[in-house]
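Asks: Numbering of the sequence shown is given in the UniProt record's numbering, commencing with residue 1 and proceeding in unit increments.
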Amino acid sequence: MKTNRKLLPMMSVSGSVDHPGLHGDGYWVGYDGYGRIAMSVGGIVYNHALLDPCMGIVGDHIEPGVSIKNSVDKYNCALQCFACIGNEARIVSGPAAGRKGYVTGKHGGVDHVMIYFEQEVLEAMNADERILIRAWGQGLKLEEHPDVLVMNMDPDLLEAMDLQHAPSGKLQVPIVTRIPAFLMGAGLGSTTTMSGDYDIMTQDHEANRRYGIDQLRFGDLVLIEDHDNTHGPHYREGALSIGVIVHSDSFTSGHGPGVTVIMSADKGTLEGVIDKDANIANYMKKVSRSSY
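(1) Cβ of residue 262 within 8 angstroms of Cβ of residue 85?
(2) According to the neighbour-count rule (16 or more other Cβ atoms, all chains shown, within 10 Å of its Cβ), is residue 80 buried or exposed?
(3) Give the C-beta separation of residue 177 and residue 212 to the nearest angstrom, bearing in mind that I take them to be a contact with Cβ-Cβ under 8 angstroms.
(4) Here's the rule I'm using: 16 or more other beta-carbon atoms within 10 Å means buried, otherwise exposed. How should residue 258 be labelled?
(5) Check residue 157 in the structure and name its three-state DSSP category.
(6) Where does residue 126 fall in DSSP's three states?
(7) Under DSSP, the beta strand (DSSP E) around residue 172 begins and ends at which residues?
(8) State the Cα-Cα distance for the pair residue 40 and residue 126, rounded to the nearest angstrom.
(9) Indicate whether the contact test is met: 3 or more Cβ pairs, each with one atom in the region 27-47 and one in the region 152-172, closer than 8 angstroms.
(10) Would you call residue 166 buried or exposed, if buried means 16 or more other Cβ atoms sit within 10 Å of its Cβ?
(11) At what residues does the beta strand (DSSP E) containing residue 11 begin and finish?
(12) What distance in whole Å lies between the Cβ atoms of residue 102 and residue 88, which are believed to be in contact at a cut-off of 8 angstroms?
(13) Could you tell me the alpha carbon to alpha carbon distance between residue 56 and residue 22, rounded to whole angstroms?
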């Protein structure tokens, strides 16, 4: 697939492991009216990773792997906007210095970037590490599909997905399920989806079963129907967006698994193809960094 990858700048951005936090006595009230003190965002999550279920976890907005943030607001804004899923991440301090992983998603509101490292690396970390990311991918264009806006995706990840062209001329993208527009919640109203994510609402358990939401895993690719994300998420009949599941379900009204958008088109030039293995973990196994 022809792209403009050679024209894209690769730039350093960095952050440190962001410690989990609670406000007040730690309680917040869920959609069911019950108050809970639940583990939530930040830190190092040792036992939930890519390819693991994001539903049913006894926690709220759990971020798999390592969550990082930059303590300077304008630097963290750059980290959020420039880091792309699949970007190389390298630990530059602490006992695990030198070990590498990759970006798995971005979480709006708390403004975290999440990173995958192998289990042995997680066990070696002390939760104070600074992590350097080779930010690369924003501005990526598909020469044969100029109507498809690509965002938040490393060019090497795009190539590893081996996308196909349908006889109709549409770009075929593997997905695990289709999400109807009416189930998208928290994050609507944002001016851009080149940072952060927005959530699938999961308070209707029958809808979760009907649309396969109850089977979602961290890293899965999903298609959002009738949503245009070219300039922030909004309803537009016929538009399609593709995104990656980046955090777990939530007890909070209007919230659920988070989706970081990687593609959007408002003219029907995208086509989702169901593939149960459509997960970034499977594609990243094919990525070679020799292209650097």
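Just so you know, even glycine gets a beta-carbon here, dropped at the ideal spot from N, CA and C.
Replies: A quick look at the data gives this:
(1) In the sequence shown, counting from the first residue as 1, residue 262 sits at position 262. In the sequence shown, counting from the first residue as 1, residue 85 sits at position 85. Going by C-beta atoms, residue 262 is nearer than 8 angstroms to residue 85.
(2) Within the sequence shown, residue 80 is the residue found at index 80, counting from 1. So residue 80 ends up on the buried side.
(3) Here residue 177 is taken as the residue at index 177 of the sequence shown, counted from 1. Here residue 212 is taken as the residue at index 212 of the sequence shown, counted from 1. With a Cβ gap of about 4 angstroms, residue 177 and residue 212 count as contacting.
(4) Walking along the sequence shown from the start, residue 258 turns up at place 258. It counts as buried.
(5) Sequence index remark: in the sequence shown, residue 157 carries index 157 (1-based). Helix at residue 157.
(6) Taking the first residue of the sequence shown as position 1, residue 126 is located at position 126. Here residue 126 sits in coil by DSSP.
(7) Along the sequence shown, read from residue 1 onward, the residue named residue 172 stands at position 172. Looking at the DSSP string, the run of the beta strand (DSSP E) that includes residue 172 is 171-175.
(8) Taking the sequence shown and counting its residues from 1, one reaches residue 40 at position 40. Taking the sequence shown and counting its residues from 1, one reaches residue 126 at position 126. Computed Cα separation, rounded: 19 angstroms.
(9) no
(10) Taking the sequence shown and counting its residues from 1, one reaches residue 166 at position 166. Label assigned to residue 166: exposed.
(11) As a first step, residue 11 must be located in the sequence shown, where it is residue number 11. Residues 11-17.
(12) As a first step, residue 88 is located in the sequence shown; it is residue number 88 there, counting from the start. As a first step, residue 102 is located in the sequence shown; it is residue number 102 there, counting from the start. So it is a contact: roughly 6 angstroms between Cβ atoms.
(13) For the purposes of this step, residue 56 is taken as the residue at position 56 of the sequence shown. For the purposes of this step, residue 22 is taken as the residue at position 22 of the sequence shown. Near 21 angstroms, if we compare the C-alpha coordinates of residue 22 and residue 56.
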